[in-house]
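Numbering (the working numbering), first residue to last: 67 to 337. The beta-carbon is built from N, C-alpha and C at its ideal position, and this holds for glycine as well. Encoded as structure tokens, the structure appears first; notes follow it.
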């Protein structure tokens, strides 16, 4: 009943907004938000997806296919993150600069379409991690309907499943720049290596994958339940060969397994 009430609250929030441009990544959060917004607002709900080297091409294509399937308008925006000196310097607040670039373009579209709000898929649980991009929300008055409806990540997954969305069990995802340690510059070459390595591991059958980039070293994160698979001798040799061909010299597996935002652990350890 509580989830049903939150779903009704989400619909009421969107109905009251009257029109919105939503930052859409194809992930579980923004997919649910865009679907419900389209159900409530029809053509006055517009999705915006960023096309950039920091996002794998297959993620962008999957997101566009979703929009086509349900009939919602999704506009692909080219954003050259690698032309932004603040972003490529990769400071601890890198996400702030990324979000500013996105929100400005979203606001431009909202003005063009005469829609009163821009919004993204921030949920209640996002407050637990270091999220410098949230500061950009206040600068652009970004609405966060999922958080306003007090929906957690688990509740968003349950609601997505009830609504028949295939993303209900999709692993969490973040841009490729989040794989590079703070202070290490972001380049096209590094992003391409990370994308290629992660795509290879996904093709091997791993569901949750991160390649943390340390110049010549790759730190692989997979779900702990996938440890037996990755430590199988044949699979291990296959991964070593592939990642060395991509350009890594040292191949490691993180024994803690996948955890979202693991690059932020260095920040927490300073406290």
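Taking the alpha-carbon positions, what's the residue i to residue j distance?
i	j	result
residue 216	residue 189	7 Å
residue 124	residue 167	22 Å
residue 178	residue 305	48 Å
residue 281	residue 257	11 Å
residue 200	residue 82	23 Å
residue 84	residue 96	18 Å
residue 205	residue 92	24 Å
residue 314	residue 240	21 Å
residue 278	residue 309	12 Å
residue 237	residue 182	32 Å
residue 142	residue 299	42 Å
Per DSSP, what kind of secondary structure is residue i in: helix, strand or coil?
i	result
residue 215	coil
residue 82	helix
residue 184	strand
residue 315	coil
residue 91	coil
residue 208	coil
residue 120	coil
residue 197	coil
How would you write the range of the beta strand (DSSP E) that residue i sits in, first residue to last?
i	result
residue 231	First-last for residue 231: undefined, no H or E at that position.
residue 140	139-144
residue 283	283-288
Residue i lies in the alpha helix (DSSP H); which residues open and close that run?
i	result
residue 102	94-107
residue 124	123-136
residue 151	151-154
residue 169	160-179
Who are the Cβ neighbours of residue i in its own chain at under 7 Å, not counting the five residues just before and after it?
i	result
residue 163	150, 152, 153
residue 214	79
residue 288	272, 274, 275, 296, 323, 324
residue 290	323
In its own chain, which residues sit with a C-beta less than 8 Å from the C-beta of residue i, not counting the 5 before and 5 after it?
i	result
residue 145	116, 117, 118, 167, 168, 171
Excluding the 5 residues flanking residue i on each side, which residues of the same chain have their C-beta closer than 6 Å to its C-beta?
i	result
residue 269	none
residue 165	199, 202
Which residues does DSSP pair with residue i in a beta bridge?
i	result
residue 112	87, 139
residue 280	283
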